[in-house]
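Since the structure comes first, as structure tokens, the remarks are kept for the end.
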Ligand code: SF4
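Next up, the structure:
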């Protein structure tokens, strides 16, 4: 139609540039298009922020090195959507941040130990290796924890406050015992296991149980999402601060941090946060 402008309206995802060229080639010159991004393409990738602390003042860890990991806009941004303790599921991570995961696995202080916990699915987590960071499988049910141990992962269980008197016990041949720091106000991760804290033992064949406590604890082990101990109090305050002032290049930062620690240091990655690809 020579001389006549034809209006066409289309939704074109910027994630498929080849589709865009194909689309344009089908129309004659002088067509006017209004492009609108598809919802998926409009999602702006979130940055992960990492706070490093050489000597923690956290009551439970004691004076060891620790990190906090957060999304840039949402503290739960690096936590998996699927975590039963996460009250912000839809704003959390669906994928593991592979370069960051590789970085923390290698981020062990010289002559020392490093460990962390992840709520991502077992198949996405590396099994323990000598000289590397131990990644504990954080489980929401006894059955998940048994499965993790039988599959060769060190596991922890977030248990409901009602269960406090039940432990220790053996379930399906696997021993479950409470974290000793929950049983004594003056006991810390720094005191735990002699020179080898229980959570840093990748070859562990028993489950460490954390009984929910504090505000929101009633949600631990319940059907409703929520109950993360980092959602309130002092930990939440530091986590919020991580969001604002943490380092943006988390993979590089965590490696440099581990290298900077004194020989033989203990490093707990992620007082809060996980290995997810950050999402707001
Ligand atoms: S089991 Fe030991 S290392 Fe693990 S959280 Fe409790 S005190 Fe810390």
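Numbering (our numbering), first residue to last: 27 to 306.
We put the beta carbon where it would ideally sit given N, CA and C, even for glycine.
All figures in this text were calculated on a predicted structure; none of them were measured in a lab.
Q) Between residue 125 and the rest of its own chain, which residues show a CB-CB distance below 7 angstroms, the 5 nearest in sequence each way excluded? A) Working through the chain shown from its first residue, we reach residue 125 at position 99. So the qualifying residues of the chain are 277.
Q | residue 91 beta carbon near the ligand SF4 (any heavy atom closer than 7 angstroms) | A | The count along the chain shown starts at 1 and reaches residue 91 at position 65. No, the Cβ of residue 91 stays beyond 7 angstroms of every heavy atom of the ligand SF4.
Q. Would you report the Cα separation of residue 201 and residue 195, rounded to the nearest angstrom?
A. Locating residue 201 in the chain shown gives position 175, where the first residue counts as 1. Locating residue 195 in the chain shown gives position 169, where the first residue counts as 1. Taking the straight line joining both Cα atoms gives about 6 angstroms.
Q) Below 8 angstroms between beta carbons: does that hold for residue 205 and residue 235? A) Translated into positions along the chain shown, residue 205 becomes position 179. Translated into positions along the chain shown, residue 235 becomes position 209. Annotated as proximal: residue 205 and residue 235, with beta-carbon spacing under 8 angstroms.
Q: Quick one: give me the first and last residue of the alpha helix (DSSP H) that residue 146 is part of.
A: Locating residue 146 in the chain shown gives position 120, where the first residue counts as 1. Note, residue 146: premise wrong, no alpha helix (DSSP H); not H, not E.
**Q.** Rounded separation between residue 297 and residue 178 - CA only
**A.** Taking the first residue of the chain shown as 1, we reach residue 297 at position 271. Taking the first residue of the chain shown as 1, we reach residue 178 at position 152. Near 24 angstroms, if we compare the C-alpha coordinates of residue 178 and residue 297.
Q) If we ignore side chains and look at the alpha-carbon of each, how far apart do residue 104 and residue 164 end up? A) Along the chain shown, read from residue 1 onward, the residue named residue 104 stands at position 78. Along the chain shown, read from residue 1 onward, the residue named residue 164 stands at position 138. If you take the alpha carbons of residue 104 and residue 164, they lie about 15 angstroms apart.
Q. How big is the Cα-Cα spacing for residue 136 and residue 228?
A. Translated into the one-based positions of the chain shown, residue 136 becomes position 110. Translated into the one-based positions of the chain shown, residue 228 becomes position 202. Approximately 18 angstroms between the Cα atoms of the pair.
Q) Is there at least one non-hydrogen atom of the ligand SF4 closer than 7 angstroms to the beta-carbon of residue 109? A) For the purposes of this step, residue 109 is taken as the residue at position 83 of the chain shown. The answer is no for residue 109.
Q.
Going by DSSP in three states, residue 260 sits in which element: helix, strand or coil?
A. Here residue 260 refers to the residue found at position 234 when the chain shown is read from its first residue. Of the three classes helix, strand and coil, the one that applies to residue 260 here is helix, per DSSP.
Q. Helix, strand or coil for residue 73 per DSSP?
A. Residue mapping note: residue 73 aligns to position 47 of the chain shown, counting from 1. Residue 73 falls in the coil class under three-state DSSP.
Q | Limits of the unbroken alpha helix (DSSP H) element including residue 159 | A | For this step, residue 159 is matched to residue 133 along the chain shown. Element bounds for residue 159: n/a, residue is neither H nor E.
Q.
In this structure, how does DSSP classify residue 288 when only helix, strand and coil are distinguished?
A. Residue mapping note: residue 288 aligns to position 262 of the chain shown, counting from 1. Correct three-state label for residue 288: coil.
Q.
Just checking residue 194 against the ligand SF4 - is the residue's beta carbon closer than 7 angstroms to any of the ligand's heavy atoms?
A. Walking along the chain shown from the start, residue 194 turns up at place 168. Not under cutoff, so the answer is no.
Q. According to the Cβ coordinates, are residue 90 and residue 292 closer than 8 angstroms?
A. Counting from one through the chain shown, the residue named residue 90 turns up at place 64. Counting from one through the chain shown, the residue named residue 292 turns up at place 266. Result yes, Cβ atoms of residue 90 and residue 292 sit closer than 8 angstroms.
Q. Measuring CA to CA, which of 83, 79 and 106 is closest to residue 94?
A. By 1-based counting over the chain shown, the position of residue 94 is 68. Here the closest residue by C-alpha is 79.
Q: Return yes when the C-beta of residue 206 is under 7 angstroms from any heavy atom of the ligand SF4, and no when it is not.
A: Here residue 206 refers to the residue found at position 180 of the chain shown. Yes; taking the cut-off as 7 angstroms, the Cβ of residue 206 has a heavy atom of the ligand SF4 nearer than that.
Q) Between the Cα of residue 117 and the Cα atoms of 145, 128, 138 and 102, which residue gives the shortest distance? A) Translated into the one-based positions of the chain shown, residue 117 becomes position 91. Among 145, 128, 138 and 102, the Cα nearest to that of residue 117 is on 102.
Q | Heavy atom of the ligand SF4 within 7 angstroms of residue 219 beta-carbon | A | If you number the chain shown from 1, residue 219 lands on position 193. Under cutoff, so the answer is yes.
Q. In the structure shown, what three-state DSSP assignment does residue 187 receive?
A. Within the chain shown, residue 187 is the residue found at index 161, counting from 1. Note: residue 187 maps to helix in three-state DSSP.
Q: Could you tell me if residue 63 is buried or exposed, where buried requires 16 or more neighbouring beta carbons within 10 angstroms of its beta carbon?
A: The count along the chain shown starts at 1 and reaches residue 63 at position 37. Low local confidence applies: a pLDDT of 42 at residue 63 is under 50, so the model's placement there is unreliable, with the coordinate-based value given in what follows. Its Cβ having fewer than 16 others within 10 Å, residue 63 is exposed.
Q.
For a quick check, are the C-beta atoms of residue 131 and residue 226 less than 8 angstroms apart?
A. The sequence position of residue 131 within the chain shown is 105, counting from 1. The sequence position of residue 226 within the chain shown is 200, counting from 1. Contact flag unset, no.
Q: With a threshold of 16 other CB atoms inside 10 Å of the CB of residue 149, please say whether the residue is buried or exposed.
A: Numbered from its first residue, the chain shown carries residue 149 at position 123. Residue 149 is exposed by the Cβ-count criterion.
(Q) So for residue 179, helix, strand or coil by DSSP? (A) Taking the first residue of the chain shown as 1, we reach residue 179 at position 153. Correct three-state label for residue 179: coil.
**Q.** residue 234 beta carbon near the ligand SF4 (any heavy atom closer than 7 angstroms)
**A.** On the chain shown, position 208 is the one that residue 234 refers to. For the ligand SF4, at least one heavy atom lies less than 7 angstroms from the Cβ of residue 234.
Q. How long is the line joining the alpha carbons of residue 96 and residue 84, rounded to whole angstroms?
A. One-based indexing of the chain shown puts residue 96 at position 70. One-based indexing of the chain shown puts residue 84 at position 58. Taking the straight line joining both Cα atoms gives about 18 angstroms.
Q) Using the beta-carbon count (16 or more within 10 Å), is residue 146 buried or exposed? A) Looking up residue 146 in the chain shown gives position 120. Counting C-beta atoms within 10 angstroms of its own C-beta, residue 146 has 16 or more neighbours from the protein chains shown and is therefore classed as buried.
**Q.** Endpoints, beta strand (DSSP E) assigned at residue 235
**A.** Within the chain shown, residue 235 is the residue found at index 209, counting from 1. Run containing residue 235: 232 to 237, per the beta strand (DSSP E) assignment.
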